[in-house]
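Okay, structure first, notes after.
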Amino acid sequence: MPFVPHGWYAVLRSVQLPRGKVVPLHYFGRALIAFRGPDGRPAVRDAHCPHYGAHLGVGGKVVDGTVECPFHGWRFGTDGRCTYAPFAARPPKVSIGGFEVREHSGLIFVYTGPDAPAWEVPEIPEATAGEFASPIDDVQTSRIHIQEMRENIVDESHFHFIHGQSEPPVQDLVVDGPFAEVRGRFARKVLAWEVDNTFDVFMYGPGVMVVRVLGSMLSLTAIALTNPIDDHTSELRMLYHVRKPAGLPFLTPVLKLIFRTQALGEVREEVRIWDHKIHQARPVLLQHERGIKALRRWYAQFYPDVPAAS
Numbered sequence: 525m526p527f528v529p530h531g532w533y534a535v536l537r538s539v540q541l542p543r544g545k546v547v548p549l550h551y552f553g554r555a556l557i558a559f560r561g562p563d564g565r566p567a568v569r570d571a572h573c574p575h576y577g578a579h580l581g582v583g584g585k586v587v588d589g590t591v592e593c594p595f596h597g598w599r600f601g602t603d604g605r606c607t608y609a610p611f612a613a614r615p616p617k618v619s620i621g622g623f624e625v626r627e628h629s630g631l632i633f634v635y636t637g638p639d640a641p642a643w644e645v646p647e648i649p650e651a652t653a654g655e656f657a658s659p660i661d662d663v664q665t666s667r668i669h670i671q672e673m674r675e676n677i678v679d680e681s682h683f684h685f686i687h688g689q690s691e692p693p694v695q696d697l698v699v700d701g702p703f704a705e706v707r708g709r710f711a712r713k714v715l716a717w718e719v720d721n722t723f724d725v726f727m728y729g730p731g732v733m734v735v736r737v738l739g740s741m742l743s744l745t746a747i748a749l750t751n752p753i754d755d756h757t758s759e760l761r762m763l764y765h766v767r768k769p770a771g772l773p774f775l776t777p778v779l780k781l782i783f784r785t786q787a788l789g790e791v792r793e794e795v796r797i798w799d800h801k802i803h804q805a806r807p808v809l810l811q812h813e814r815g816i817k818a819l820r821r822w823y824a825q826f827y828p829d830v831p832a833a834s
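If you use my numbering, the sequence shown corresponds to residues 525 to 834, in order.
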């Protein structure tokens, strides 16, 4: 599997990129920078200056909506083009590469692929809605391909062994081009309570997944962001937006604490397993384990010239 499937990836939260700041990043096997132009719109570009190779995110600064190289003062706009070079009669005709960028739902997305994007990640209203608390932001890295991180949501049997569900959930994957949806039910015991929640999973390409959990005790929206760092390592960023209890907003910190106590440890256990597993191109699956093959058939569209799994 190529380690960068084509699609949209959220590489930053909007709050992490204030005006006037250059933020260094490393995704897709590339050193990158993010900064905002004079209109406040974000840009994500390659990090190294074409003049003499300095990293623009280490000591570089934003000047009039351009990023200035810390070594010789060359400046580059949000479109990547050089706009100024000291002692030059005119700016050199050079650029730094970059990505198509979108910003919404409190996130900054970039598109990877050979052509212009043919689809968009829809707005995620819970990310900015007042009835949801500020997110629990949990970032983990693992030695695994991002496709296998995504397969986790349709791995029916692991819900029993990792998440304490009595029986594997019955799930159906419904696909629509670059989008896919899974609906199911999640029943388990949390502390002294029996929790029986429905969950709806919406997948937007290879890098963005939204899980909406609805229950009497706890309702939340989880935004799962999977990003390739390099050909060995991937990042999983989970943003958990807990719905504030109607009329009882003071209970929100308690619900967030309960969720942290119960759920985050399970995610770390999954990451520990991922760090040491291998990719099985033809896994030996039981009769009820249909989700992984179904997801692999859908996911194959994001690779160039890679046939779908049978």
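Backbone N, C-alpha and C fix where the C-beta goes; we use that ideal spot for every residue, glycine too.
Nearest candidate by alpha-carbon position, reference residue i, set the options
{"i": "Ala770", "options": "Ser629, Leu763, Leu779", "result": "Leu779"}
{"i": "Met525", "options": "His669, Val535, Val546", "result": "His669"}
{"i": "Val766", "options": "Glu793, Gln540, Gly789, Leu738", "result": "Leu738"}
{"i": "His756", "options": "Ala748, Tyr551, Val568, Val732", "result": "Tyr551"}
{"i": "Val732", "options": "Leu631, Asp588, Ile557, Asp603", "result": "Leu631"}
{"i": "Glu813", "options": "Leu772, Leu788, Pro773, His682", "result": "His682"}
{"i": "Trp798", "options": "Ile686, Val808, Asp724, Trp822", "result": "Ile686"}
Simplified DSSP state of residue i, which is helix, strand or coil
{"i": "Arg537", "result": "strand"}
{"i": "Gly815", "result": "helix"}
{"i": "Leu631", "result": "strand"}
{"i": "Phe527", "result": "coil"}
{"i": "Trp598", "result": "coil"}
{"i": "Glu680", "result": "coil"}
{"i": "Asp639", "result": "coil"}
{"i": "Tyr823", "result": "helix"}
{"i": "Arg674", "result": "helix"}
{"i": "Glu650", "result": "helix"}
{"i": "Glu644", "result": "coil"}
{"i": "Arg614", "result": "coil"}
{"i": "Arg554", "result": "strand"}
Backbone CA spacing between residue i and residue j [nearest angstrom]
{"i": "Leu742", "j": "Gly708", "result": "16 Å"}
{"i": "Leu715", "j": "Arg784", "result": "Bear in mind that the predicted position of Leu715 carries a pLDDT of just 49, short of 50, making it too unreliable to give a figure here."}
{"i": "Asp829", "j": "Pro702", "result": "16 Å"}
{"i": "Pro616", "j": "Glu592", "result": "14 Å"}
{"i": "Val547", "j": "Val586", "result": "10 Å"}
{"i": "Gln786", "j": "Trp532", "result": "30 Å"}
{"i": "Trp598", "j": "Leu749", "result": "34 Å"}
{"i": "Thr665", "j": "Arg614", "result": "44 Å"}
Contact test: residue i Cβ vs the ligand MN heavy atom, cutoff 7 Å
{"i": "Val791", "result": "Because no ligand of any kind appears in the structure shown, any question about the ligand MN cannot be addressed here."}
Identified DSSP bridge partners for residue i
{"i": "Glu592", "result": "Lys585, Arg599"}
{"i": "Thr665", "result": "Glu759"}
{"i": "Ala567", "result": "Phe559"}
{"i": "Phe703", "result": "Asp700, Tyr728"}
Of all the alpha helix (DSSP H) runs that stay within the bounds of the region 780-808, which reach a length of 4 or more residues? Whole alpha helix (DSSP H) segments, 4+ residues: 789-800.
At 4 residues or longer, and completely inside the region 720-784: list those alpha helix (DSSP H) runs for me, N to C. Listed in chain order, the complete alpha helix (DSSP H) runs (minimum 4 residues) inside the region 720-784 are 776-783.
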